[in-house]
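Residue numbers (our numbering): 43 to 492.
Even for Gly, the Cβ is constructed at its ideal location relative to N, Cα and C.
As structure tokens, the structure follows; a few thoughts come after it.
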């Protein structure tokens with residue numbers, strides 16, 4: 043019986059995920075031989091990084107990609123071309139078409155795993171299949187996921203965060219080992235996920251510091267050594283320390299109104315995600331901290347805050363760990379420039395060495411993601427726990443899911459059939475002339491097989 047239920051939800055989530063993937067990409071863009079949608083902004087960088095890497099010989103470190111750039115310091119890591127996929131598909135490149143791209147397949151994988159892990163997490167706490175399936179919709183239609191799917195493709199792997207949460211609750215034995223594997227996997231995808239997951243891992247250890255055993259110390263030591271080794275093997279350290287320092291900490295941050303601010307954007311437009319709430323102001327580049335919860339998400343946020351103050355049950359982590367994760371990640375995501383809307387509340391001057399250390403997380407607004415997902419998980423579980431009649435709980439979560447989708451309709455409609463990938467930019471004649479004359483300014487150029 044359990045096996046049958048498992049098969050049913052797997053099929054449902056697969057069909058729903060691939061349908062939504064077609065909605066986001068369009069049928070033409072889902073074609074693995076269609077590169078036409080990967081020509082604008084950062085999208086071109088991802089595909090070009092892969093193209094150069096594919097045509098090059100094997101080198102060491104494995105991610106070394108010197109032809110994409112002008113020096114041997116270039117790596118597949120720094121074109122955000124999803125090293126895990128780039129390395130795998132380079133191995134089987136002889137069987138692939140010249141126009142092959144894996145990014146549409148990647149988006150599907152991310153949506154499906156997002157749906158699967160969210161279902162498993164909610165099912166763990168509720169043991170209610172219909173309730174869990176409906177709850178997974180909140181994660182599939184996550185605003186921060188959809189936003190990244192239109193601009194930063196490697197950053198759509200939010201399932202890594204959910205996968206880590208699932209390892210935390212589901213693993214009886216070798217819990218740390220499963221967390222280690224997810225962190226190592228994140229290193230092969232994008233550093234921001236590694237940063238988030240390792241941050242959570244060590245915050246858990248801090249909470250149990252007084253009870254820290256030898257096994258915990260070994261686990262912490264192993265994850266540091268193995269992570270650094272893996273990073274070296276795939277090319278994280280091909281750039282110098284100075285090149286690794288980035289501008290933007292305190293600028294690409296989280297605004298204190300971001301959970302309630304439906305102001306969104308993609309390559310084609312700036313728009314309001316909400317049907318009911320007005321778009322609010324923010325400062326600088328705080329769209330990196332975009333994390334609009336939606337109307338139902340705001341209800342979950344209230345339940346989340348109530349849980350932090352008075353909750354008794356353990357949801358994902360202990361109450362103390364949940365509070366620590368909320369506090370630390372909110373502080374770093376908000377950065378030293380604490381803003382509410384277009385008003386700067388506090389600016390904390392940082393020592394230059396401290397600022398240099400924080401420059402590795404320049405787009406600190408992204409660190410709000412684990413809090414965003416904990417809000418939904420804890421809020422959804424609390425609804426189930428507070429309502430004793432489980433049929434009524436299902437009706438309520440279904441209503442909240444519908445209400446959420448209605449609210450997010452204006453935003454989701456901006457990602458219809460790949461329209462978010464069409465970059466509309468007017469180039470004046472002076473720029474065109476400048477581009478046409480570039481060839482006369484260089485004695486050498488590098489080419490690759492197309």
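{"Asked": "At least 3 beta-carbon pairs within less than 8 Å: the region 176-193 vs the region 206-224", "Found": "no"}
{"Asked": "Unbroken alpha helix (DSSP H) run spanning residue 421, endpoints", "Found": "411-428"}
{"Asked": "Same chain, Cβ closer than 8 Å to residue 473, neighbours up to 5 away in sequence not counted", "Found": "For residue 473, the pLDDT reaches just 45, beneath the cut-off of 50, and the residue's location in the model is therefore unreliable, leaving the point undetermined."}
{"Asked": "When 366, 378 and 98 are compared against residue 245, the one with the closest alpha-carbon", "Found": "366"}
{"Asked": "Residue interval of the alpha helix (DSSP H) (run including residue 368)", "Found": "361-376"}
{"Asked": "Exposure of residue 223, with buried meaning 16 or more beta-carbon neighbours within 10 Å", "Found": "exposed"}
{"Asked": "Straight-line gap, residue 96 to residue 159 (C-alpha atoms, nearest Å)", "Found": "32 Å"}
{"Asked": "Whole-Å CB distance - residue 136 paired with residue 92, under 8 Å assumed", "Found": "Going by Cβ atoms, the distance from residue 136 to residue 92 rounds to 16 Å, so no, they are not a contact pair."}
{"Asked": "Among 371, 370 and 392, the one whose alpha carbon lies nearest that of residue 379", "Found": "392"}
{"Asked": "Limits of the alpha helix (DSSP H) - the one that residue 387 falls within", "Found": "Unbroken run through residue 387 is the beta strand (DSSP E), 385-389; no alpha helix (DSSP H)."}
{"Asked": "Residue 312, DSSP secondary structure in three states", "Found": "strand"}
{"Asked": "Contact belief for residue 291 with residue 377 at Cβ below 8 Å, rounded distance in angstroms", "Found": "6 Å"}
{"Asked": "Of the listed residues 269, 188, 233 and 162, nearest to residue 406 (C-alpha basis)", "Found": "233"}
{"Asked": "Stretch-stretch touch, CB-based, cutoff 8 Å, three pairs: the region 451-466 with the region 318-333", "Found": "no"}
{"Asked": "Cβ separation of residue 142 and residue 75, assumed to be a contact under 8 Å, to the nearest whole Å", "Found": "6 Å"}
{"Asked": "Distance, residue 415 Cα to residue 62 Cα", "Found": "20 Å"}
{"Asked": "Residue 77 versus residue 259 - alpha carbon distance", "Found": "47 Å"}
{"Asked": "Alpha-carbon to alpha-carbon, residue 175 and residue 52", "Found": "10 Å"}
{"Asked": "Presumed contact (8 Å Cβ cut-off) between residue 309 and residue 462, rounded CB distance", "Found": "6 Å"}
{"Asked": "N-terminal and C-terminal residue of the beta strand (DSSP E) that residue 306 is part of", "Found": "305-307"}
{"Asked": "Contact between the region 434-452 and the region 344-351 (3+ Cβ pairs under 8 Å)", "Found": "no"}
{"Asked": "Sub-8 Å separation of residue 412 and residue 265 beta-carbons", "Found": "no"}
{"Asked": "Boundaries of the beta strand (DSSP E) in which residue 382 is found, first to last residue", "Found": "379-382"}
{"Asked": "Inside the region 122-151 only - beta strand (DSSP E) runs reaching at least 3 residues", "Found": "none"}
{"Asked": "Neighbourhood of residue 438 by C-beta distance below 8 Å, restricted to the same chain and skipping five residues each side", "Found": "425 and 429"}
{"Asked": "Backbone secondary structure at residue 117 - three-state DSSP", "Found": "strand"}
{"Asked": "Proximity of residue 235 and residue 199 at Cβ, strictly below 8 Å", "Found": "yes"}
{"Asked": "Top-ranked residue by Cα proximity to residue 186, from 205, 153 and 402", "Found": "153"}
{"Asked": "Assumed close pair residue 296, residue 410 - CB separation to whole angstroms, cut-off 8 Å", "Found": "5 Å"}
{"Asked": "Which of helix, strand or coil DSSP assigns to residue 106", "Found": "strand"}
{"Asked": "Straight-line gap, residue 443 to residue 178 (C-alpha atoms, nearest Å)", "Found": "9 Å"}
{"Asked": "Cut-off 6 Å between Cβ atoms - residues of its own chain near residue 205, not counting five sequence neighbours on either side", "Found": "159 and 224"}
{"Asked": "Neighbour-count burial assignment, residue 128, 16 or more Cβ in a 10 Å radius", "Found": "buried"}
{"Asked": "Where residue 249 sits in the DSSP three-state scheme", "Found": "helix"}
{"Asked": "Uninterrupted alpha helix (DSSP H) stretches inside the region 79-106 (no shorter than 4 residues)", "Found": "83-97"}
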